[in-house]
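Input: a single structure, listed below in structure tokens.
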Amino acid sequence: MTTVAPTVGDRSDMGSTSTSQTNALIASDRVEGTAVRRPNGDSIGRIERLMIEKASGRVAYAVMSFGGFLGMGEGYHTVPWATLRFEPEMDAYVLDVTEEQLKAAPPTSPEGNDPSYDRKWEEHVHRYFNATPYWSI
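Residues in the sequence shown are numbered from 236 upward in steps of one, following the numbering used here.
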């Protein structure tokens, strides 16, 4: 999948303190909390944080939460950024996976700072989501 540059309407419902954005750029605090949906519009979860490669500044992953009720029982998964695309009509990012695929995806912590983060783990995540690794783009 390819990444589409996000353009977001009014996100005042997210409590953002930043209003800096253009049609091609968006502040990271405005991405965090954004809904993630399936192509048919069904809700999957939300983006909790972005993982950015230090040297290049490229977004590598989104840490996504799904499931649970009132924060209890939520699962967290690191999803390669290239697997998400922004759909302005839904005001959400779209991820084309089934519930079973998401539940079986490599888990992560809400902070996205698992000690397993190494190239081997990253390759595993990219293979799982059938995504081109960010370091190859």
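The beta-carbon is built from N, C-alpha and C at its ideal position, and this holds for glycine as well.
In the DSSP assignment, what are the bridge partners of Ala327?
Counting from 1 along the sequence shown, the entry for residue 327 is found at position 92. Bridge partners of Ala327: Glu322.
Quick check: Ala290 and Ala327, are their CB atoms within less than 7 Å of each other?
Counting from 1 along the sequence shown, the entry for residue 290 is found at position 55. Counting from 1 along the sequence shown, the entry for residue 327 is found at position 92. Against a cut-off of 7 Å, the Cβ pair of Ala327 and Ala290 comes out as no contact.
How far does the alpha helix (DSSP H) with Leu285 in it reach, from first residue to last?
By 1-based counting over the sequence shown, the position of residue 285 is 50. Element bounds for Leu285: not the alpha helix (DSSP H) but the beta strand (DSSP E), Ser278 to Ile287.
Where does Arg354 land, buried or exposed, given buried means 16+ other C-beta within 10 angstroms?
One-based indexing of the sequence shown puts residue 354 at position 119. Exposed: under 16 other Cβ atoms inside 10 Å.
Hey, out of Ser300, Val332 and Thr343, whose CA is closest to Asn365's CA?
What you label residue 365 is simply residue 130 of the sequence shown in a count that begins at 1. Taking only the C-alpha atoms, the option nearest Asn365 is Val332.
Helix or strand or just coil, what does DSSP make of Val294?
Locating residue 294 in the sequence shown gives position 59, counting from the first residue. Reduced to three states, the DSSP call for Val294 is strand.
Whose C-beta lies closer than 7 Å to the C-beta of Thr384 among residues of the same chain, with five residues either side of it excluded?
Here the chain covers residues 236 to 372 and nothing more, so residue 384 does not appear.
So, with DSSP's three-state summary, where would you put Ser263?
In the sequence shown, counting from the first residue as 1, residue 263 sits at position 28. Ser263: helix per DSSP, three-state reduction.
Comparing C-alpha positions only, which one of Pro315, Val266, Phe321 and Glu324 sits nearest to Ala340?
Position 105 of the sequence shown holds residue 340. Answer by Cα proximity: Pro315.
What is the C-beta distance between Gly310 and Pro274, in whole angstroms, given that I count them as a contact (C-beta under 8 Å)?
By 1-based counting over the sequence shown, the position of residue 310 is 75. By 1-based counting over the sequence shown, the position of residue 274 is 39. So it is not a contact: roughly 21 Å between Cβ atoms.
Since I believe Arg272 is in contact with Ser278 (beta carbons under 8 Å), could you give me their beta-carbon distance rounded to a whole number of angstroms?
As a working note, residue 278 is residue 43 in the sequence shown. As a working note, residue 272 is residue 37 in the sequence shown. The Cβ separation is near 6 Å, so the contact holds.
Give the straight-line distance between the Cα atoms of Ile261 and Ile287, rounded to the nearest whole angstrom.
Numbered from 1 along the sequence shown, position 26 holds the residue referred to as residue 261. Numbered from 1 along the sequence shown, position 52 holds the residue referred to as residue 287. For Ile261 and Ile287, the distance between alpha carbons rounds to 14 Å.
Which stretch, first to last residue, makes up the beta strand (DSSP E) that contains Arg272?
Here residue 272 is taken as the residue at index 37 of the sequence shown, counted from 1. Taken as a continuous stretch (DSSP letters only), the beta strand (DSSP E) holding Arg272 covers Ala270 to Arg272.
Name the two residues that bound the continuous beta strand (DSSP E) containing Val314.
In the sequence shown, the residue the question calls residue 314 occupies position 79. Unbroken beta strand (DSSP E) run through Val314: Gly310 to Pro315.
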